[in-house]
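*Asks:*
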Amino acid sequence: MENERSGKRRHFRWGRVLLWICVAAVTAAAVWLLLRLIPKEDENVDALLDSPVMLEQETMPATEKATETEKRNVVPDPGIDVQLLTINDYSRPGEKTDALDYIVIHYLGNPKTTAQENHDYFESLKDLQDTSMSANFVVGLKGEIIECVPPGEIAYASNSMNHLSVSIENCHLDETGRFTEETYESCVHLTAYLAEEYGIDREHIIRHYDVTGKECPLYYVEHEDKWEEFRDDVMNYIEECRNAAG
Ligand SMILES: [Zn+2]
């Protein structure tokens, strides 16, 4: 009995030893596998993180980017006379727009007034302090262009679109609101210049009418075909400039 019992116990002990050896071997194998796998993953992640950053730095130095931006606008400056308004609550709040997605075309609704007179009126609003009104640009009867508020800054012209657009006011000779040939041509050239500068397509060249339903610019609300022609003329002019630039 004694021998038999101790024999069983010895057998039992050997079983436990074997079990522990197995556990140790499996653990060791697992640790070995982990040690092999983890550094590999890290290397891969590092490689992924490093390479795009390196490439970007190598292919796009800051100087080249700047040159590319300068070259981008193939439409020539249409001859802008910069006369920025004083920053004030009534015509130039000095706030940045959220984006520059639209060009909004207007007419002044005040026949025979000049671009300079309208610019000066916008400037005087800071003293009158009862009306808020302005535009980024005013195009005059002889085609002159005055910049009152820089593009990318809010002007008070297009209601809910002020924070997303650049606005162009146009002078006109009579109540019909039809632009003179000179005004029309300058407005086409300025719109093309801004469209090219800020990457704005034909569908994002709109009228004040398209924002609020107001009859502005009157002639181009009453004559839908003339409005479409205006947008065609802008796109054709951009195309012409692109071809000329090669
Ligand atoms: Zn308007």
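Position 135, counted from 1, in the sequence shown is what this note's numbering calls 128; the numbers after and before it change by one each time, with no gaps.
All residues carry an ideal CB built from backbone N, CA and C; glycine is no exception.
Just so it is clear, the structure is predicted and the values come from calculations on it, not from any experiment.
#1: What is the DSSP secondary structure of Met(-6), counted as helix, strand or coil?
#2: I'd like the list of long-range same chain contacts for Cys162, defined as Cβ closer than 8 Å, with 5 residues on each side in sequence excluded.
#3: Can we count His165 as close to ligand 1, meaning its CB is less than 8 Å from some heavy atom?
#4: For the beta strand (DSSP E) that Val67 lies in, which residues bound it at each end?
#5: In this structure, does DSSP put Glu208 in helix, strand or coil?
#6: Among residues of its own chain, excluding the 5 on either side of Ser125, which ones have a beta-carbon nearer than 6 Å to its beta-carbon?
#7: What's the gap between the Cα of Val142 and the Cα of Asn103?
#8: Is Phe223 near Tyr177, with beta carbons less than 9 Å apart?
#9: Taking the alpha-carbon of Asp91 as reference, which of Phe172, Glu146, Glu233 has the nearest alpha-carbon?
#10: Hey, Arg200 and Val68: beta-carbon distance below 9 Å or not?
#11: State the start and end residues of the unbroken alpha helix (DSSP H) segment that holds Phe223.
#12: Report all residues for which the CB-ligand distance to some heavy atom of ligand 1 is below 5 Å; order them along the chain.
*Replies:* So, from the data block:
#1: Annotation note: pLDDT 42 at Met(-6) (below 50); position unreliable, no value reported.
#2: Here residue 162 is Glu; the residue named in the question, Cys, does not match the sequence. These residues qualify, in order along the chain: His99, Tyr100, Leu101, Asn111, Ala128, Phe130, Val131, Val132, Ala150.
#3: no
#4: Val67 -> no beta strand (DSSP E), and no H or E assigned at all.
#5: coil
#6: Tyr83, Tyr149, listed in sequence order.
#7: 20 Å
#8: yes
#9: Glu146
#10: no
#11: 217 to 238
#12: His99, His201, Cys209
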